[in-house]
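In terms of my numbering, the numbers along the sequence shown are unbroken and rise by one, the last being 161.
The beta-carbon is built from N, C-alpha and C at its ideal position, and this holds for glycine as well.
Notes follow the structure.
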Amino acid sequence: MPDNIKCPSCGYEFEPSDVIRNEIEKELRSKMADWKKDKEKQYAEDTAKLQRQLEQEIRKSVSTDFEVKLRQLEQNDKDKEEKLKIARQKEAEYLRMEQDLKNKEAEIELQIQRQLQKEREKLSDEIRKIEEQKVAQKETE
């Protein structure tokens, strides 16, 4: 029975001759080889397509990660620049205030020296007047 062929339309079974059997086997083997070749080709194409998609997704992921990290670094740099700018402004303000304070101290010192000089002159004048009065009193005595 395994050598018999059954008609798919009417169901009639018959035993093929060796020539027909060889021809059918050859045809089936050819079809099977073509089918296998097509499947292997399709598998290779699908594999290549999946490989390209995977590479594209990896590139996109790496690119996205790189862009995110780059943006973070740029933001960090911007923040540091802003902090540095603020620190420089504060330092400049501090130095200006320190200079103003030194100028005021110098001005106060100068005013004190002027007042002391005036007081010395005043005392000197008063002492001279007192001495002149004493001399004048002695002369009148």
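Whether residue i touches residue j by CB criterion (8 Å)
i	j	result
E33	I25	yes
E35	D23	yes
Counterpart residues of residue i in DSSP-defined beta bridges
i	result
E33	K26
Where the alpha helix (DSSP H) containing residue i begins and where it ends
i	result
E161	It is not in any alpha helix (DSSP H) - E161 carries neither H nor E in the DSSP assignment.
Per-residue DSSP class, three states only, for residue i
i	result
I150	helix
M21	Reliability of the predicted coordinates at M21 is poor, the pLDDT of 42 falling under 50, and the value obtained from them is presented with this limitation in mind. Coil, per DSSP.
Interface flag, residue i vs chain B, CB-CB below 8 Å
i	result
R108	Although the question refers to chain B, the structure presented lacks it and comprises just one protein chain.
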